[in-house]
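Visitor: Please see the structure below; I have some questions.
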Amino acid sequence: MPLITAMNTVLVDVPLGQRTITDSQSSVDSVEFVQVSIETDAGVTGHGFNWNYSKGLKAAKVMIDECYAPAIMGRPALDRHALMHAMHSTTHFIGRVGVARVGLCAMNLALWDIQLKLEGQPLWRHLGPCKDRVKAYNTDGGWLTWSTDELVADMQRILDRGFDAVKMKLGRPDPREDYERVKAVRKAIGDKPKLMVDVNTVWDLKTAMVWGRRLEEFDIAWLEEPMHPFDVQAHGDLAQALDLPIAVGETVYTLHAFRDYVDCKGADILQADVTKLSGIEEWLDVAALGRAHGLTVIPHTNVQHNVHAQLAAATPNTPMIECCYESLFDIWENPIRVVDGFYTLPEVPGVGGKLTAAVLTKHRVA
Ligand SMILES: [Mg+2]
-11 MPLITAMNTV LVDVPLGQRT ITDSQSSVDS VEFVQVSIET DAGVTGHGFN
39 WNYSKGLKAA KVMIDECYAP AIMGRPALDR HALMHAMHST THFIGRVGVA
89 RVGLCAMNLA LWDIQLKLEG QPLWRHLGPC KDRVKAYNTD GGWLTWSTDE
139 LVADMQRILD RGFDAVKMKL GRPDPREDYE RVKAVRKAIG DKPKLMVDVN
189 TVWDLKTAMV WGRRLEEFDI AWLEEPMHPF DVQAHGDLAQ ALDLPIAVGE
239 TVYTLHAFRD YVDCKGADIL QADVTKLSGI EEWLDVAALG RAHGLTVIPH
289 TNVQHNVHAQ LAAATPNTPM IECCYESLFD IWENPIRVVD GFYTLPEVPG
339 VGGKLTAAVL TKHRVA
């Protein structure tokens, strides 16, 4: 049984390499990553990561260095459930969600990476695939501050590349502008492509009721994060009032919180993100929860596509995942690709969460 012998963490801030992107919550020029490396006496090193848009990920690095690393040093690297419990206990009183969980997920991915490298197989083969490629839908265009002409041109450019499902951002100060922009996009792309809309949590219930109903005329595949994610009951009320499917998950941090959404029928699509949950086991738990209730799980995916494509390949109720920030695909060792609207899957053993040496050197901030 390999034992954990050493750990290190690196914080990088990677420029996006494309025009500043905007939604109703964020304006993004760069993405922070914390890279965790866990060494073992078997000569295998596991790598995990997490990310953030604005400054603040250094707090997760401190938690990893000062809480999680001491809790598991010298222990068997494959005792993952026991190690997760030990790490979780160290931050019991300072956060079961947010920064504490961000660091915990990075550790979980690194521990999985050790096991998969010892087995000599990628994650999706370990889990048992039901697909050999994973459909992608595209969010890498049409950001909130684009003009309507730019937005429409972007959507058309994406469809011309082979995608048949696209998502656009809503949440401008006047919802009537959102409505007009969706109308323009639907008119431009025609009836066939799937079109999703994402509010990034800024509407209240009244606004969501009124404008969600108005948007139904455009055959919207889902309305994403319409309201504050902690107000689960409001999502239940909204879902009951609208025919439009509701999607949540990129700011839902626990299996229990997803359970609450399911219980009040507040979500039709669970967008579970492994980097917001505590790692792969909890993601699989959410996927199973969804399957038991006839719900699809379509994970929020910006920079963690390497992991999510593998999870999706082994999850029957995950019909597709998101594609975003393609300018960052090459920051990973052994990057996967999107070809004709589908993610390829890696054959390299592991989780697929190791940043290249060049990125770690060039963009290191701590
Ligand atoms: Mg979103």
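Residues -11 to 354 (our numbering) are what the sequence shown spells out, left to right. Just so you know, even glycine gets a beta-carbon here, dropped at the ideal spot from N, CA and C. Bear in mind that the values here come from a model prediction, so they are computed numbers and not experimental data.
(1) For Phe21, tell me which candidate among Gln292, His73, Thr10, Phe330 has the shortest Cα-Cα distance.
(2) For Gln228, is the classification buried or exposed, using 16 other Cβ atoms within 10 angstroms of its Cβ as the cut-off for buried?
(3) Please classify Asn290: is it buried, with 16 or more other beta-carbons within 10 angstroms of its beta-carbon, or exposed?
(4) Would you call the stretch 238 to 252 in contact with the stretch 200 to 208, where contact means no fewer than 3 C-beta pairs closer than 8 Å?
(5) Can Asn126 be considered in contact with ligand 1, in the sense that its beta carbon sits closer than 7 Å to one or more heavy atoms?
(6) For a test of the three-state rule: what should DSSP assign to Lys105, helix, strand or coil?
(7) By a C-beta neighbour count over all protein chains shown, 10 Å radius and 16 as the cutoff for buried, is Ser373 buried or exposed?
(8) Could you tell me the distance, in whole angstroms, from the CA atom of Val190 to the CA atom of Pro217?
(9) State yes or no: is the C-beta of Asp166 nearer than 7 Å to some heavy atom of ligand 1?
(10) Using a threshold of 8 Å, state whether the C-beta atoms of Ala260 and Pro304 are closer than that.
(11) May I ask you to verify whether the stretch 32 to 40 touches the stretch 346 to 354, counting CB pairs closer than 8 Å and requiring at least 3?
(12) Distance, Cα to Cα, Gly340 vs Val85?
(13) Under DSSP, the alpha helix (DSSP H) around Gln144 begins and ends at which residues?
(14) Going straight from the alpha carbon of Glu212 to that of Asp186, what length do you get?
(15) Could you check whether Phe330 and Lys123 sit closer than 8 Å to each other, using their CB atoms as the reference points?
(16) Could you spell out the range, first to last residue, of the alpha helix (DSSP H) harbouring Ala70?
(17) Where are the beta strand (DSSP E) runs, 3 residues long or more, that stay fully inside the stretch 213 to 260, in chain order?
(18) Applying the 10 Å Cβ sphere with the 16-neighbour rule, what's the burial state of Ser135?
(19) Ligand 1 heavy atoms versus the CB of Asp186: any closer than 7 Å?
(20) What three-state label does DSSP hand Trp39 in the structure shown?
(21) Hey, quick one: how far does the alpha helix (DSSP H) through Leu193 stretch, first residue to last?
(22) Pick out whichever of Arg169, Gln221, Lys171, Ala176 has its Cα sitting closest to the Cα of Asp192.
(23) Which value, in whole angstroms, describes the spacing of the CA atoms of Ala345 and Thr(-3)?
(24) At a cut of 8 Å, does the stretch 44 to 53 reach the stretch 156 to 173 through at least three beta carbon pairs?
(25) Quick check on the DSSP output: what are the complete alpha helix (DSSP H) runs of length 4 or more inside the stretch 260 to 295, in order along the chain?
(26) Does the distance between the C-beta of Glu314 and the nearest non-hydrogen atom of ligand 1 fall short of 7 Å?
(27) Mind checking whether Gly130 and Lys171 have CB atoms under 8 Å apart?
(28) Could you tell me if Cys118 is buried or exposed, where buried requires 16 or more neighbouring beta carbons within 10 angstroms of its beta carbon?
(29) Looking only at its chain, what residues have a beta carbon closer than 8 Å to the beta carbon of Met308, apart from the 5 residues adjacent to it on each side?
(30) Just verifying my parser: in three-state terms, what is the DSSP assignment at Glu20?
(31) With DSSP as the reference, please indicate the residues paired to Gly31 in a beta bridge.
(32) Give me the Cα-Cα distance between Leu258 and His296, rounded to the nearest whole angstrom.
(33) Spell out the partners DSSP gives Lys155 in its beta bridges.
(34) Return helix, strand or coil for Ile82, following the three-state DSSP convention.
(35) For a test of the three-state rule: what should DSSP assign to Val353, helix, strand or coil?
(36) So does His293 have its beta carbon nearer than 7 Å to some heavy atom of ligand 1?
Guide: Answer, in terms of the structure:
(1) Gln292 is the residue among Gln292, His73, Thr10, Phe330 whose C-alpha sits nearest the C-alpha of Phe21.
(2) Classification for Gln228: exposed.
(3) It is buried - the Cβ of Asn290 has at least 16 other Cβ atoms within 10 Å.
(4) Between the stretch 238 to 252 and the stretch 200 to 208 there are fewer than three inter-stretch CB-CB distances shorter than 8 Å, so the stretches are not counted as touching.
(5) Asn126: no, Cβ never under 7 Å from ligand 1.
(6) In the structure shown, the three-state DSSP call for Lys105 is helix.
(7) Not covered by the structure: residue 373. The range shown for the chain is -11 to 354.
(8) Taking the straight line joining both Cα atoms gives about 10 Å.
(9) No.
(10) No; because the gap between Cβ atoms is not below 8 Å, this pair is not in contact.
(11) Between the stretch 32 to 40 and the stretch 346 to 354 there are fewer than three inter-stretch CB-CB distances shorter than 8 Å, so the stretches are not counted as touching.
(12) One C-alpha to the other measures close to 24 Å.
(13) Note, Gln144: alpha helix (DSSP H), 136 to 148.
(14) Using only the alpha carbons, I get a separation of about 4 Å.
(15) In this structure, the beta-carbon distance from Lys123 to Phe330 falls below 8 Å.
(16) In the DSSP assignment, Ala70 falls within the alpha helix (DSSP H) that extends over 68 to 78.
(17) List check, beta strand (DSSP E) in window: 234 to 236.
(18) By the neighbour-count criterion, in which 16 or more other beta carbons inside 10 Å mark a residue as buried, Ser135 falls on the exposed side.
(19) A heavy atom of ligand 1 is found nearer than 7 Å to the CB of Asp186.
(20) Taken through DSSP and simplified to helix, strand or coil, Trp39 comes out as strand.
(21) Here the alpha helix (DSSP H) through Leu193 covers 193 to 203.
(22) In terms of Cα proximity to Asp192, the closest of Arg169, Gln221, Lys171, Ala176 is Gln221.
(23) Each residue's alpha carbon lies about 13 Å from the other.
(24) Cβ pair count under 8 Å is below three, so no.
(25) The stretch 260 to 295 contains these whole alpha helix (DSSP H) runs: 268 to 280.
(26) It does not: the Cβ of Glu314 is nowhere closer than 7 Å to a heavy atom of ligand 1.
(27) Between Gly130 and Lys171, the C-beta gap is not smaller than 8 Å, which leaves the two residues out of contact.
(28) Cys118 is exposed by the Cβ-count criterion.
(29) Once the five neighbours on either side are set aside, the close Cβ partners of Met308 are Val122, Lys123, Ala124, Tyr125, Ala153, Ile286, Ala300.
(30) In the structure shown, Glu20 falls within a strand segment according to DSSP collapsed to helix, strand and coil.
(31) DSSP output for Gly31 lists no bridge partner at all.
(32) Spanning the two alpha carbons is a distance of roughly 14 Å.
(33) Answer is Met184.
(34) In the structure shown, Ile82 sits in coil (DSSP, three-state: anything other than H, G, I, E or B).
(35) In the three-state reduction of the DSSP assignment, Val353 falls in the coil class, being assigned neither a helical nor a strand state.
(36) No; taking the cut-off as 7 Å, the Cβ of His293 has no heavy atom of ligand 1 nearer than that.
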